[in-house]
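The structure appears right after this line, and notes come after that.
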Amino acid sequence: MTAAPPPLDDRLLEAARAADPRAAVAAVLKEGYDAARARAERKLEAGMNGRDVARLYAAAADEMLIALWAVATETLWPVSPVESERLALVAVGGSGRRVLAPYSDLDLLFLRPGKATPRGEKVVEFVLYVLWDLGAKVGPSARSVDECLTLAKTDMTVRTTLLEARFLAGDEGLAELMIRRFRDMVEKSDPRPFIAAKLEERDLRHEKAGAIRYKVEPNVKDGKGGLRDLNSLFWIARSLAPDSRLGATVMDELFTARERRTSDEAFDFLWRVRIHMHLIAGRAEEKLTFDLQPEVARRMGWRGRGDEPAVERFMRRYFLVARDVGALTRAMSAKLEARHQKTASGLSRLMSPFRPNRRRLDVPGLSIDQGRLSVDGPEVFQADPVKLLTLFVQADKHDLDLHPDAYSAVTRSLSLVTPKLRRDPAATRAFLDILAHGQRPYRTLTLMNETGLLGRFLPEWGRIVGQTQFNMYHAYTVDEHTLQAIGVINDIARGKLKADHPMASEIVHLIDDMEALMLGMLLHDVGKGGERGQLEDGAIAARRACERLGVDPRRIELVVWLVRSHLALSDYAQKRDVSDPATVRAFAELVGDPERLRMLLVLTVADIRAVGPGVWNGWKGQLMRTLYNQVAALFRGEDVAREDPLGDHPALVARAREAGAAAEAQPTPAVEGLPVQTTQISIAAADRPGLFADLAQTMAALGADIVDARVATSEGIVLDVFRVQDGAGLPYGQAEPRRLKTLLEALERAARGEGRIGKAPEPAANARKAAFEVRPVVMIDHHASEAATVVEVSGADRPGLLAALSRVFSDQGLNIRSAHVASFGERAVDSFYVVDRKGRKIGSEAVAQDLRDALEAVLDSRAPAPAGRKVVAARASARDVSELGRRARKPVSSKTEAR
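Just so you know, my numbering puts 1746 at position 535 of the sequence shown, and the rest follows in order with no gaps.
Written as structure tokens, this is what we have:
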């Protein structure tokens, strides 16, 4: 039976009779379709529930598709009474669920009774061409009823789409026949292969989109904790009850009322985010990139609070929702396993009915169930709340994941975590054993974090769960970054990272107090977002946490020092001249003894490595190893002296004395087994004002990105040593050796003051970088060096920035003695050792203020957005830079904490 479609609009009838019906029909449909979509957008702006707005977009598509189908099958190719000519339009996928984002694909099934006919092919072709003319993305399939059923038996992707099949237009009887036969087939089949396939598909999708839930640019649709994970729950439910709309029967059975509310709230939030993303980008954008985050936050009504900007508050909410989605997945798994309808591993093998169900442990109430740690029920924790911690000790001891029943029992028992439990010696001992003596602390603490127990037991931790930093440097949320850093220390201690970190892998075994080190790592970032600054608030919070955990006073002071000083090694190594004896002595004075030095090295390596993929490199390792060795020598009573800066380049210096300038290049040697992806370029030349600026500008003009620079002067000759990369982050000249030869020749000419120096290229348009408002920072320190004033600057990175900054020093009558270049995502942090023309430090505050103003003017810039794209900028987080000048040196007292 063919359903009677609504009568055709007169304008559509007229369009169908036009000379070019396709163009005419598309024009009429576009007007109504755009109007319906605009109404949905207005509802979103007015605060309508996200899923309801998604239904409005789906309804707009339905109305347009039904009208288009009517034109094709009534006016252009009228319905035929012949059985083989029966045809139905069926919505599947998101269209079948009646939820769409503005630029979602329209998933459509063109259903026929048997083989394709010429008329049917014309109808399908016309419909598709009109949809493409409308700018719609279509996911089409054309199949017979039998083809649908045959494919659905073996292809789980086809089965998934048909679970959501919904008649739209055409022959309703044909569509209902297919849907009824398909549901009968599903009802009679074993659901376990489908469930296993959906879970395996989920894991592969996570791996592709980013297996870690807390990546700071998440994929809202396909990422871990995103919409597709929620949809997977409903697909599984629908496979168990195919006649139940959206699997509601099964969902009501598997989820508690609270879990259903959590599911509804997650759907609403994620759909609102996704729809806003589509509207801002003007396309089907599923990744919540930096350039979208501030505008989505603004549209959803988020406002800044204290030091936490709106975008960071919004993203924190996003990650808490993603965590809730993970908890829902585990909750459903628990119920499915209870019904023996899910694989034991969740992925690869079907659950054996002959396998023993449980094996008891020596801890009453705990057991191993199907290879995972389980608990008899929440009453175990009610009788003894310490077992909330004991559960995770046993999980680590036996190298087990939590059974979903245990996971749910923990989440339902969080109210048992009281101030009394937080100070209970047995509970605190269990926690410290997991942290400092566990086999796999990253995995175990991650489980505790996912259940919410870690944040309840350690309130200081709870404040950073899901916290983000709006910058391009950090790849993960603060809590995920910290947990990964703990995992790195554990890997170093177990010898798993000897090739990458041979020094850290050796000295970690010389550390006397691993508990203090691990506590310092766990708490190193808990001060982020605090009013007093990251280091001061972190030290106060660390003291409070350690006292509650019953840590002895001596160890507390060590942990507090680690938290306050956790940036010190990185700052000194990357932002100061490690060849300057004053730098070495100042750092040694800050550290105080060899044990703290060893701890700080291991902690710093783990901290940087856990920032994100590729952040740690051999060059950073070399700087830190050099400083570590010099300070260690000082602690052994050895003297620290500056070496002859020109001693390593006698031939180059000799050539420069003859020709006025000479340049050479060589690959930077590997450090600790890690390649240093830079080319080292050395230039010797007669000293003159503005020399460094000319060299830096020459490099910028020829596309060389300077990642580090050193300057040394002796008897009128200056030696400049640069480490440079090309635009792809590879050693300059590696891909095109001729470019390196050209650069060396240009540097020699520039050093001699010959010819005209080209300009640095303009920054390329980049939406992600344009989203950051990077506020300039200039700090002038007269005490960091005995022979020079140290000027540290921070601002938006761009091509030619170092050259522009160097030109300011030259114009201000200052000579650069060394430069130290570092980048933190969108932000450049450069340090300069400068003297006046007479070789003295800056001696006038007026001169210093003029210099500061001129440098800030150069630094105050923003990356351009692509043409025609409006990007809303937000203040970039700067909590990891420029701490040297701010670092307080007084201890955190109990009196300070009380305030």
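Using N, Cα and C, we set each Cβ at its ideal position, and we do this for glycine too.
State the CB to CB distance for the pair ASP1357 and LEU1298, rounded to an integer number of angstroms; the pair is presumed to be in contact (CB under 8 Å). Incorrect: roughly 16 Å between the Cβ atoms, too far for contact.
Integer-rounded CB distance, given that ARG1759 should sit under 8 Å from ASP1724: Incorrect: roughly 19 Å between the Cβ atoms, too far for contact.
Run through DSSP, which three-state label would LEU1320 get? Of the three classes helix, strand and coil, the one that applies to LEU1320 here is strand, per DSSP.
Taking DSSP as the reference, what is the three-state secondary structure of ASP1245? In the structure shown, ASP1245 sits in a helix (DSSP, three-state: H, G or I).
Per DSSP, LEU1410 forms a beta bridge with which residues? Note: LEU1410 sits in no beta bridge, so no partner.
Rounding to the nearest angstrom, what Cα-Cα distance links PRO1404 and GLU1590 in this structure? Taking the CA atoms as reference points, PRO1404 sits about 34 Å from GLU1590.
Presumed contact (8 Å Cβ cut-off) between ALA1249 and GLU1274, rounded CB distance: Contact between ALA1249 and GLU1274 is absent: CB atoms are separated by about 14 Å, not below the 8 Å threshold.
Helix, strand or coil for ASN1355? Go by DSSP, reduced to three states. Per the sequence shown, residue 1355 should be read as Ser rather than Asn. Here SER1355 sits in strand by DSSP.
Between the CA atoms of ASP1263 and ALA1230 - distance to the nearest angstrom: Going from the Cα of ALA1230 to the Cα of ASP1263 covers about 40 Å.
Length at least 4, wholly inside the stretch 1683-1769: the alpha helix (DSSP H) runs in chain order: Scanning the stretch 1683-1769 for uninterrupted alpha helix (DSSP H) segments of 4 residues or longer gives 1689-1704, 1713-1718, 1725-1734, 1745-1759, listed from N- to C-terminal end.
Can you tell me which of the three DSSP states HIS1777 falls into? Secondary structure at HIS1777: coil, using DSSP grouped into helix, strand and coil.
Answer with buried or exposed for SER2105, where buried requires no fewer than 16 other C-beta atoms within 10 angstroms of its C-beta. With a pLDDT of only 38 at SER2105, under 50, the local geometry of the prediction cannot be trusted, and no value is derived from it.
Taking the DSSP output, what are the residues bridged to VAL1586? Partner residues in the beta bridge of VAL1586, as assigned by DSSP, are LEU1577.
Cβ-based burial, THR1554 [other Cβ within 10 Å; buried from 16]: Confidence in THR1554 is poor, its pLDDT being 48 and thus under 50, which makes the residue's placement unreliable; the coordinate value appears in the next sentence. Classification of THR1554: buried, given that the 10 Å Cβ count is 16 or more.
Less than 9 Å between the C-beta atoms of GLU2037 and ALA2087, yes or no? It is a contact, given that the beta carbons lie within the stated cut-off.
Rounded to the nearest angstrom, what separates ALA1380 and TRP1482 at their Cα positions? Rounded to the nearest angstrom, the two C-alpha atoms are 27 Å apart.
Hey, how far is the Cα of ARG2100 from the Cα of ASP1763? Note that ARG2100 scores a pLDDT of 37, beneath 50, so its modelled location is shaky; the value from the coordinates is reported in the next line. So the two alpha carbons sit approximately 22 Å from each other.
Whose CA, out of GLU1997, GLU2003, ALA1982, ASN1977, lies closest to the CA of VAL1989? Taking only the C-alpha atoms, the option nearest VAL1989 is GLU2003.
Helix, strand or coil for SER1559? Go by DSSP, reduced to three states. The pLDDT assigned to SER1559 is 35, lower than 50, so where the model puts this residue is not dependable; a value taken from the coordinates is nonetheless given after this. Three-state DSSP puts SER1559 in coil, outside helix and strand.
Could you have a look at GLY2024 and say whether DSSP puts it in helix, strand or coil? Reduced to three states, the DSSP call for GLY2024 is coil.
Which two residues bound the contiguous beta strand (DSSP E) that contains VAL1918? It spans 1916-1925 - the beta strand (DSSP E) in which VAL1918 sits, taken as one unbroken run.
Mapping the DSSP letters down to three states, classify ALA1873 as helix, strand or coil. It is a strand residue.
Given a cut-off of 9 Å on the beta-carbon distance, is the pair LYS2052 and ALA2015 in contact? No, Cβ-Cβ distance for LYS2052 and ALA2015 is not below 9 Å.
Residue range of the alpha helix (DSSP H) that VAL1335 falls in? It spans 1329-1344 - the alpha helix (DSSP H) in which VAL1335 sits, taken as one unbroken run.
Burial state of HIS1609, where buried means 16 or more other Cβ atoms lie within 10 Å: With a threshold of 16 other beta carbon atoms within 10 Å, HIS1609 falls short and is exposed.
Could you spell out the range, first to last residue, of the alpha helix (DSSP H) harbouring ASP1463? DSSP places ASP1463 in the uninterrupted alpha helix (DSSP H) bounded by 1459-1465.
Taking the alpha-carbon positions, what's the ASP1433 to ARG1787 distance? A straight-line Cα-Cα distance of about 43 Å links ASP1433 and ARG1787.
For GLY2011, the nearest candidate out of LYS1435, ALA1363, PHE1903 (CA to CA): That would be PHE1903, whose Cα lies nearest to the Cα of GLY2011.
Which residues in the same chain have their Cβ closer than 8 Å to the Cβ of TYR1839, if we skip the five residues on either side of it in sequence? Contacts found: MET1714, LEU1780, LEU1808, LEU1812.
Measuring CA to CA, which of ALA1257, MET1259, GLY1258, ALA1272 is closest to LEU1240? Taking each of ALA1257, MET1259, GLY1258, ALA1272 in turn and checking the Cα distance to LEU1240, the smallest one comes out for ALA1272.
Simplified DSSP state of ARG2035, which is helix, strand or coil: It is Phe, not Arg, that sits at residue 2035 in the sequence shown. Looking at PHE2035 - three-state DSSP - the assignment turns out to be strand.
Please tell me whether ASN1442 and ARG1308 are closer than 9 Å, where the distance is taken between their beta carbons. Taking 9 Å as the Cβ cut-off, ASN1442 and ARG1308 qualify as a contacting pair.
If you draw a straight line from the C-alpha of PHE1480 to the C-alpha of SER1893, how long is it? Answer to the nearest angstrom: the Cα atoms are 55 Å apart.
What are the boundary residues of the alpha helix (DSSP H) that includes ILE1645? Taken as a continuous stretch (DSSP letters only), the alpha helix (DSSP H) holding ILE1645 covers 1636-1648.
For SER1563, which residues in the same chain have their Cβ closer than 6 Å to its Cβ, ignoring the five residues on either side in sequence? Bear in mind that the predicted position of SER1563 carries a pLDDT of just 40, short of 50, making it too unreliable to give a figure here.
Within its chain, find whatever has a CB closer than 6 Å to the CB of THR1837; leave out the 5 residues flanking it on each side and keep chain order. Cβ neighbours of THR1837 within its own chain (closer than 6 Å, five residues either side excluded): VAL1789.
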